[in-house]
Amino acid sequence: MELEIKTSTVADVVRKDYRTAKVFKKYRIDFCCEGGKTIDQVCIERKIEPKELRNDLDSILAEEAPKMIAFDTWPLDQLIDHIEKKHHRYIEETAPLLKQYLKKVDAVHSNGAPYLTELYRVFDESAGNLAVHMKKEELILFPFIKGMVEAEKNGTPFTPPTFGSVGNPIDMMQAEHDAEGEHFRYMEELSNGYEIPNWACNTFIVAIKMLREFQDDLHAHIHLENNILFPKALELESHVLSPA
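Mapping the sequence shown onto the working numbering, position 186 (from 1) lands on 479, and the numbers just tick up by one.
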């Protein structure tokens, strides 16, 4: 992959080879919510030496690549189904259990680790936000995108929606993605990078490992939407919408 530090965005790099997400994570660069920034820009903002980041990216790209899923080649309706079945269902199934574990850990260990109370509060808030967010996608945005896909397949006109343009709900969804990205950055800081103390009980260990896994899944989830689904939906809209 040809990589130009000044002009390539973080999303460009991750979209072409998802293994690079590990490098951005190492430098605490949020490749899903900061995907639109150039590598040069994030290096300046995070005070990262561009050559060092470039070397790390080149190293991982030089490794033999395993067979990867080319999500950017998928039809949008197929991509939506994948997002719902893999990422939305993951949140619905995992969040209640993780909340239960974090609440228990807070009750037992917060005297010795006061940050646990805040960790539970922030995750509880984020889980509630994500539940509402996913419903808006599944009931409004995703059906509209699927309708555009169907119209393009059939060559039929597609009437503009009451919300004006697909860009309006997309802007809202991206703002909500940014907000939850901030929540998880805050939780990572609170927990000192999801550190597990040597005195941690089994529930504490499981809770922190699950929280890290939850964040990783959310990053992959938001990457698919922000950097692949949404830009392609905006492009598709210009092809299929008939004048009001």
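Glycine included, C-beta positions come from ideal geometry on N, C-alpha and C.
| Item | Value |
| --- | --- |
| Using 10 angstroms around the beta-carbon of residue 531, count the other beta-carbons present and answer buried if the total reaches 16, otherwise exposed. | exposed |
| Where does residue 451 fall in DSSP's three states? | strand |
| Could you compute how far the alpha carbon of residue 400 sits from the alpha carbon of residue 468? | 33 Å |
| Between 504, 320, 327, which has its C-alpha nearest residue 340's C-alpha? | 320 |
| How would you write the range of the alpha helix (DSSP H) that residue 421 sits in, first residue to last? | 408–429 |
| If the criterion is Cβ atoms closer than 9 Å, does the pair residue 500 and residue 395 meet it? | yes |
| With contact counted as at least three CB pairs below 8 Å, one residue from each stretch, are the segment 397–415 and the segment 432–440 in contact? | no |
| From the DSSP output, in three-state form, read off residue 302 for me. | strand |
| Mind checking residue 389: buried by the 16 CB within 10 Å criterion, or exposed? | exposed |
| According to DSSP, which residues form a beta bridge with residue 534? | 451 |
| Considering Cα atoms alone, identify which of 301, 326, 353 is closest to residue 476. | 326 |
| Less than 8 Å separating the Cβ of residue 447 from some heavy atom of the ligand MN? | Among the components modelled here there is no ligand, and therefore nothing to report on the ligand MN. |
| For the putative contact between residue 416 and residue 503, defined by C-beta atoms under 8 Å, what is the C-beta separation to the nearest angstrom? | With 8 Å as the limit, residue 416 and residue 503 do not qualify as a contact, their Cβ atoms being about 10 Å apart. |
| So residue 441 and residue 335 are supposed to be a Cβ contact under 8 Å. How far apart are they, rounded? | With 8 Å as the limit, residue 441 and residue 335 do not qualify as a contact, their Cβ atoms being about 32 Å apart. |
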